[in-house]
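*Asks:* Below: one structure in structure tokens.
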Amino acid sequence: MSTVEVGAGGATFPVPSPCRILGIETSCDETAAAVVVDGSLVASSVVSSQVDLHARFGGVVPELASRAHVELLNPVVAEALVEAGCDGAGLDAVACTIGPGLIGALLVGVSAAKAYALAWGVPFVGVNHLEAHLYAAFLEEPDLEPPLVLLLVSGGHTLLVAMEGHLRYRLLGATIDDAAGEAFDKVARLLGLPYPGGPAIDLLAMDGDPTAIAFPRAMLDEGYDFSFSGIKTSVLTYVRKHPDASGADVAASFQEAVVDVLVTKARRAALEVGAKGLCLAGGVAANSVLRERLLDACIADGLRAFVPSRSMCTDNAAMVAATAWWRLRADGPTPLSVGADPGLHFPGS
Ligand code: KG4
Ligand code: ZN
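In this note's numbering, the protein residues as written are 156 to 504.
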């Protein structure tokens with residue numbers, strides 16, 4: 156086993172090579188564990204979704220999520236280790252999402268990860284969930300080279316970030332109200348679609364006309380911030396005025412407006428900062444039309460497009476373990492005094 160020292164992220168902490176990291180993710184409603192080698196080779200990735208548990212309530216119930224994480228985490232970790240063909244003694248670090256997310260849910264993962272790290276005598280690495288969504292792209296495209304522009308669209312966040320180098324970022328813009336995923340979930344609810352709303356709208360929109368209704372494109376020409384609460388109200392007003400409107404047309408037109416704003420701003424940002432490529436991340440990155448439009452825009456502008464596979468866009472622990480490899484080399488182990496932070500910001504913002 157050799158020891159690697161300095162890496163692209165200004166690494167200072169020596170890590171072994173190969174370096175096997177167990178990642179744990181419990182920030183919302185997925186209980187996940189994965190083993191990733193050297194930040195890029197996924198030896199195992201297990202995701203246990205609680206969607207069925209929360210579906211009848213139309214959204215995530217925090218208390219139920221925490222209890223389910225308590226029940227599911229140890230078996231999910233055991234399965235990830237078996238699939239990777241290693242045990243605790245074969246690991247070099249244990250990593251976990253420390254925020255942002257639901258406090259009760261985060262605490263389950265953080266407490267377990269610290270206990271595993273102590274028991275196995277390996278470093279603990281606390282990972283920022285938003286940065287992990289970005290590093291999901293590096294898992295599948297290890298030759299991805301900054302400068303890049305990242306469009307991170309999830310249930311809780313909508314961020315446009317310039318990635319100047321590994322672990323070096325500049326926040327360009329963010330939502331001033333609802334996140335893109337939140338808008339999908341709320342509009343789905345008012346159309347009577349099941350939770351989670353994003354995939355349901357995506358599916359229904361396939362049968363609709365995206366030009367049927369001209370929903371507003373908020374702040375389209377104003378900088379890099381976003382606003383999605385207005386469009387939700389517009390959809391509500393439209394549906395009330397036109398009770399017989401085709402749900403598929405409403406879904407397709409809503410989706411079209413959101414995607415239009417996201418892609419227009421991401422594209423403008425990439426050209427302005429001189430990025431080599433555009434990278435999509437977060438749960439909403441699983442949206443078919445967003446993926447297609449971003450790819451088209453990149454082809455038109457001569458940019459590389461990095462669109463992770465759908466399973467890497469939604470919450471998983473492989474992205475947590477991959478991020479931990481970069482962070483461990485750059486920052487060293489996270490002190491055990493560092494706890495869960497539900498309001499953690501994107502690094503450097
Ligand atoms: O990143 P994620 O799995 O969890 C958070 O960290 O928030 O994102 C979940 C969000 C939900 O709002 C969900 O409706 C949305 O991603 N989503 C989608 C699609 N799949 C998931 N939104 C639009 N189209 C999809 N296909
Ligand atoms: Zn997420």
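Built from N, CA and C at the ideal position, the CB exists for glycine as well.
Please name the residue, chosen from Ser172, Arg222, Met361 and Val493, that lies closest to Leu196 on a Cα-to-Cα basis.
*Replies:* Taking the first residue of the sequence shown as position 1, residue 196 is located at position 41. Cα-wise, what sits closest to Leu196 is Ser172.
*Asks:* Cα separation between Ile368 and Ser199?
*Replies:* On the sequence shown, residue 368 is found 213 positions in, with the first residue counted as 1. On the sequence shown, residue 199 is found 44 positions in, with the first residue counted as 1. Spanning the two alpha carbons is a distance of roughly 44 Å.
*Asks:* Just checking Cys241 against the ligand ZN - is the residue's beta carbon closer than 8 Å to any of the ligand's heavy atoms?
*Replies:* For this step, residue 241 is matched to residue 86 along the sequence shown. Cys241 Cβ: outside cutoff for every heavy atom of the ligand ZN.
*Asks:* Taking the straight line between their C-alpha atoms, what separation do you get for Ala187 and Ala472?
*Replies:* Stepping through the sequence shown from its first residue, residue 187 is reached at position 32. Stepping through the sequence shown from its first residue, residue 472 is reached at position 317. In a straight line, the C-alpha of Ala187 is about 5 Å away from that of Ala472.
*Asks:* Distance check for Asp333 and Ala210, CA to CA, integer angstroms please.
*Replies:* Sequence index remark: in the sequence shown, residue 210 carries index 55 (1-based). Sequence index remark: in the sequence shown, residue 333 carries index 178 (1-based). Between Ala210 and Asp333, the C-alpha separation is close to 21 Å.
*Asks:* What does the Cβ neighbour count give for Cys174, buried or exposed, with the cut at 16 atoms within 10 Å?
*Replies:* Here residue 174 corresponds to residue number 19 of the sequence shown, with the count starting at 1. With 16 or more Cβ atoms within 10 Å of its Cβ, Cys174 is classed as buried.
*Asks:* Span of the alpha helix (DSSP H) holding Ser443?
*Replies:* As a first step, residue 443 is located in the sequence shown; it is residue number 288 there, counting from the start. Start and end: Ser443 to Asp456.
*Asks:* Skipping 5 residues on each side, what residues in its chain have a beta carbon closer than 8 Å to that of Gly378?
*Replies:* Taking the sequence shown and counting its residues from 1, one reaches residue 378 at position 223. These residues qualify, in order along the chain: Gly328.
*Asks:* Would you decide whether Val161 is buried or exposed? Buried here means 16 or more other CB atoms lie within 10 Å of its CB.
*Replies:* Position 6 of the sequence shown, counted from the first residue, corresponds to residue 161. Any reading at Val161 must be qualified, since the residue scores a pLDDT of 35, below 50, and its modelled position is unreliable; the value itself is stated next. Classification of Val161: exposed, given that the 10 Å Cβ count is below 16.
*Asks:* Thinking C-beta only, is Leu299 closer than 9 Å to Phe168?
*Replies:* The residue given as residue 168 occupies position 13 in the sequence shown. The residue given as residue 299 occupies position 144 in the sequence shown. Contact: no.
*Asks:* Could you tell me how far apart the beta carbons of Ile176 and Ala485 are, in whole angstroms, since I believe they sit closer than 8 Å?
*Replies:* Residue numbering aside, residue 176 sits at position 21 when the sequence shown is read from its first letter. Residue numbering aside, residue 485 sits at position 330 when the sequence shown is read from its first letter. Going by Cβ atoms, the distance from Ile176 to Ala485 rounds to 14 Å, so no, they are not a contact pair.
*Asks:* Collect the residues with a C-beta less than 6 Å away from any heavy atom of the ligand KG4 and give them in sequence order along the chain.
*Replies:* Checking every Cβ against the heavy atoms of the ligand KG4 under 6 Å gives Cys183, Ser309, Gly310, Gly311, Gly336, Phe339, Asp340, Pro351, Gly352, Gly353, Pro354, Asp357, Gly437, Gly438, Val439, Ala441, Asn442, Thr469 and Asp470.
*Asks:* Quick check: what's the CA-CA separation for Ser504 versus Leu285?
*Replies:* By 1-based counting over the sequence shown, the position of residue 504 is 349. By 1-based counting over the sequence shown, the position of residue 285 is 130. Straight-line Cα distance between these residues: approximately 12 Å.
*Asks:* Assuming the contact rule is C-beta atoms closer than 8 Å, Arg459 and Cys453 should be a hit. Round their C-beta distance to whole Å, please.
*Replies:* In the sequence shown, counting from the first residue as 1, residue 459 sits at position 304. In the sequence shown, counting from the first residue as 1, residue 453 sits at position 298. With 8 Å as the limit, Arg459 and Cys453 qualify as a contact, their Cβ atoms being about 7 Å apart.
*Asks:* By DSSP, does Val414 sit in helix, in strand, or in coil?
*Replies:* Here residue 414 refers to the residue found at position 259 when the sequence shown is read from its first residue. Here Val414 sits in helix by DSSP.
*Asks:* Go through the stretch 293-356 residue by residue and report every complete run of the beta strand (DSSP E) that reaches 3 residues or more, in order.
*Replies:* Taking only runs of at least 3 residues, the beta strand (DSSP E) segments lying wholly in the stretch 293-356 are 303-308, 313-320 and 323-329.
*Asks:* Rounded to the nearest angstrom, what separates Arg372 and Ile386 at their Cα positions?
*Replies:* By one-based count along the sequence shown, residue 372 stands at place 217. By one-based count along the sequence shown, residue 386 stands at place 231. Cα to Cα, Arg372 sits roughly 8 Å from Ile386.
*Asks:* Can you determine whether any heavy atom of the ligand ZN sits closer than 8 Å to the C-beta of His224, and answer yes or no?
*Replies:* Working through the sequence shown from its first residue, we reach residue 224 at position 69. Checking the Cβ of His224 against the ligand ZN gives no.
*Asks:* Kindly list the residues whose CB is nearer than 7 Å to the CB of Phe370, restricted to its own chain and excluding five residues on each side of it in sequence; keep chain order.
*Replies:* To locate residue 370, count along the sequence shown from 1; it is residue 215. So the qualifying residues of the chain are Ile386, Ser389, Val390, Ser408, Phe409 and Ala412.
*Asks:* Near Leu261, what residues of its chain come up, given a Cβ to Cβ distance below 7 Å and the 5 sequence neighbours on each side ignored?
*Replies:* Against the sequence shown, residue 261 aligns to sequence position 106. Here the set comprises Thr181, Ser182, Thr252, Ile253, Gly254, Ala495 and Pro497.
*Asks:* I'd like the list of long-range same chain contacts for Gly194, defined as Cβ closer than 7 Å, with 5 residues on each side in sequence excluded.
*Replies:* For the purposes of this step, residue 194 is identified with residue 39 of the sequence shown, where counting begins at 1. Closer than 7 Å at Cβ, skipping near neighbours: Ala477, Trp480 and Trp481.
*Asks:* Does Asn471 come out as helix, strand or coil in the three-state DSSP assignment?
*Replies:* For the purposes of this step, residue 471 is taken as residue 316 along the sequence shown, with counting starting at 1. Residue state, collapsed to three classes: coil.
*Asks:* Report the rounded CA-to-CA distance for Pro354 versus Asn442, giving the unit in angstroms.
*Replies:* Taking the sequence shown and counting its residues from 1, the one referred to as residue 354 is at position 199. Taking the sequence shown and counting its residues from 1, the one referred to as residue 442 is at position 287. If you take the alpha carbons of Pro354 and Asn442, they lie about 7 Å apart.
*Asks:* On a CA-only basis, which of Ile179, His288 and Val206 is nearest Glu234? Give me that one, please.
*Replies:* Residue numbering aside, residue 234 sits at position 79 when the sequence shown is read from its first letter. Glu234 has its Cα closest to that of Ile179, out of Ile179, His288 and Val206.
*Asks:* Can you name the start and end residues of the beta strand (DSSP E) that Ile179 belongs to?
*Replies:* Residue mapping note: residue 179 aligns to position 24 of the sequence shown, counting from 1. Where Ile179 is concerned, the enclosing beta strand (DSSP E) stretches over Arg175 to Glu180.
*Asks:* Helix, strand or coil for Val249, going by three-state DSSP, please let me know.
*Replies:* In the sequence shown, residue 249 corresponds to position 94, counting from 1. Residue state, collapsed to three classes: strand.
*Asks:* Using only the heavy atoms of the ligand ZN, determine whether one of them is closer than 8 Å to the beta carbon of Pro500.
*Replies:* Start at 1 with the first residue of the sequence shown, and residue 500 comes out as number 345. Sequence check: residue 500 is His here, not Pro. No.
*Asks:* Would you mind working out which of Asp184, Thr489, Leu227 and Pro398 sits nearest Ile560, comparing C-alpha positions?
*Replies:* Absent from the structure is residue 560, since the part of the chain shown begins at 156 and ends at 504.
*Asks:* Rounded to the nearest angstrom, what separates Ala270 and Val191 at their Cα positions?
*Replies:* Here residue 270 refers to the residue found at position 115 when the sequence shown is read from its first residue. Here residue 191 refers to the residue found at position 36 when the sequence shown is read from its first residue. For Ala270 and Val191, the distance between alpha carbons rounds to 19 Å.
*Asks:* Could you check whether the Cβ of His321 sits closer than 8 Å to any heavy atom belonging to the ligand SAH?
*Replies:* The ligand SAH is not part of the structure shown, which contains the ligand KG4 and the ligand ZN as its ligands.
*Asks:* Given Ile331, which residues of its chain have a CB within under 6 Å of its CB, disregarding the five upstream and five downstream residues?
*Replies:* One-based indexing of the sequence shown puts residue 331 at position 176. The answer, listed in chain order, is Asp380 and Ser382.
*Asks:* According to DSSP, is Phe168 helix, strand or coil?
*Replies:* Along the sequence shown, read from residue 1 onward, the residue named residue 168 stands at position 13. It is coil, neither helix nor strand.
*Asks:* If I follow the unbroken beta strand (DSSP E) through Ala267, where does it start and stop?
*Replies:* By 1-based counting over the sequence shown, the position of residue 267 is 112. Counting along the chain, Ala267 falls outside any beta strand (DSSP E), though it belongs to the alpha helix (DSSP H) covering Ile258 to Trp275.
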